[in-house]
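Order-wise, the sequence lines are chains P and G.
Per the numbering used here, the first sequence starts with residue 1, numbered consecutively.
Per the numbering used here, the second sequence starts with residue 115, numbered consecutively.
For glycine and all other residues, C-beta sits at the position ideal for the given N, C-alpha and C.
A short write-up of the structure that comes next.
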Amino acid sequence: QVQLVESGGGLVKPGGSLRLSCAASGFTFSDYYMNWIRQAPGKGLEWVSYITGTGSTIYYADSVKGRFTISRDNAKNSLYLQMNSLRAEDTAIYYCASGAADVWGHGTTVTVSS
Amino acid sequence: DVVMTQSPLSLPVTLGQPASISCRSSQSLVHNDGNTYVNWYQKRPGQSPRRLIYKVSNRDSGVPDRFSGSGSGTDFTLKISRVEAEDVAVYYCMQATHWPPYTFGQGTKLEIK
Chain P
1 QVQLVESGGG LVKPGGSLRL SCAASGFTFS DYYMNWIRQA PGKGLEWVSY ITGTGSTIYY
61 ADSVKGRFTI SRDNAKNSLY LQMNSLRAED TAIYYCASGA ADVWGHGTTV TVSS
Chain G
115 DVVMTQSPLS LPVTLGQPAS ISCRSSQSLV HNDGNTYVNW YQKRPGQSPR RLIYKVSNRD
175 SGVPDRFSGS GSGTDFTLKI SRVEAEDVAV YYCMQATHWP PYTFGQGTKL EIK
């Protein structure tokens, strides 16, 4: 069955960097666009970034533009999110979601704190 | 960006009774292709979001038929015909018509009265 497994979260200081990964299985990964979506503590869901199956088209939320970079490796069935210049407000559970956000991973927690 | 406004934000419901959640968008969500891209998600405590409904009224595989979605234009509704204990969760609407960005409602917390 379709499965998405995120990893790479952790505790990082403000200004630091982190790279999240999402391992996909159970479907032809390269055929699907993918998203990162996050949920800050006590808050709602916020879309972060989108990438097409080939990686040719990418979008970011204004809140992360210029700091985060989405990428994918179709040979490895993996999605990535490189997060630089992290801020306290980036603290959240980060989910990868396939296609039109139909299947979500379990999430990985990012905490930005000194 | 399209703003999605849900109501109520808190919904106490007696077991076996119906529940209804409203979602209103700041502009029409009819896409140029004629479809309306509104999804509903269920997020149970400690779990990842689960899509229940896509394109306004289509139930995802495995979703109980007590869940239904309806609406058009700017007004959308998620209904649960008879609430069960496992339905305790936060429910979100999301639009994917005018993107980027996808935008979500604030969430409606359903609890058992």
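Item, Value
"Run through DSSP, which three-state label would residue 89/P get?", "helix"
"Going by the DSSP bridge assignment, what does residue 126/G pair with across the sheet?", "225/G"
"Does the CB of residue 205/G have a neighbour CB from chain P at under 8 Å?", "no"
"Please compile the residues from chain G whose C-beta is within a distance smaller than 9 Å of the C-beta of residue 102/P.", "153, 165, 168, 174"
"State the Cα-Cα distance for the pair residue 179/G and residue 164/G, rounded to the nearest angstrom.", "15 Å"
"Our contact map puts residue 6/P next to residue 99/P with C-beta atoms below 8 Å; I'd like the distance itself, whole angstroms only.", "About 16 Å; that fails the 8 Å criterion."
"Cutting at 6 Å between CB atoms, please list the residues of its own chain near residue 193/G, excluding the five before and the five after it.", "134, 182"
"Strictly by DSSP, which residues pair up with residue 153/G?", "208/G"
"Mark residue 199/G as exposed unless 16 or more other C-beta atoms lie within 10 angstroms of its C-beta, in which case mark it buried.", "exposed"
"If you measure beta-carbon to beta-carbon, which residues of the region 22-36 of chain P are closer than 8 Å to chain G?", "35"
"Does DSSP put residue 198/G in a helix, a strand or coil?", "coil"
"Below 8 Å on the Cβ atoms is my guess for residue 138/G versus residue 119/G; work out the distance and round it to an integer in Å.", "5 Å"
"Give the range of the beta strand (DSSP E) segment to which residue 133/G is assigned.", "133-139"
"Report yes or no: do three or more beta-carbon pairs, one from the region 115-129 of chain G and one from the region 2-22 of chain P, lie closer than 8 Å?", "no"
"DSSP three-state label for residue 101/P, please.", "coil"
"Mind checking who residue 67/P pairs with in its DSSP beta bridge?", "The partner list for residue 67/P (beta bridge, DSSP) is empty, contrary to what the question assumes."
"Going by C-alpha to C-alpha distance, which of 40/P, 11/P, 57/P, 13/P sits closest to residue 72/P?", "57/P"
"Roughly how many angstroms separate the alpha carbons of residue 109/P and residue 223/G, rounded to a whole number?", "22 Å"
"Return the residues of the region 52-72 of chain P that lie within a Cβ-Cβ distance of less than 9 Å from chain G, sorted by chain order.", "59, 60, 61, 62"
"Please report the distance separating the alpha-carbon of residue 115/G from that of residue 35/P.", "18 Å"
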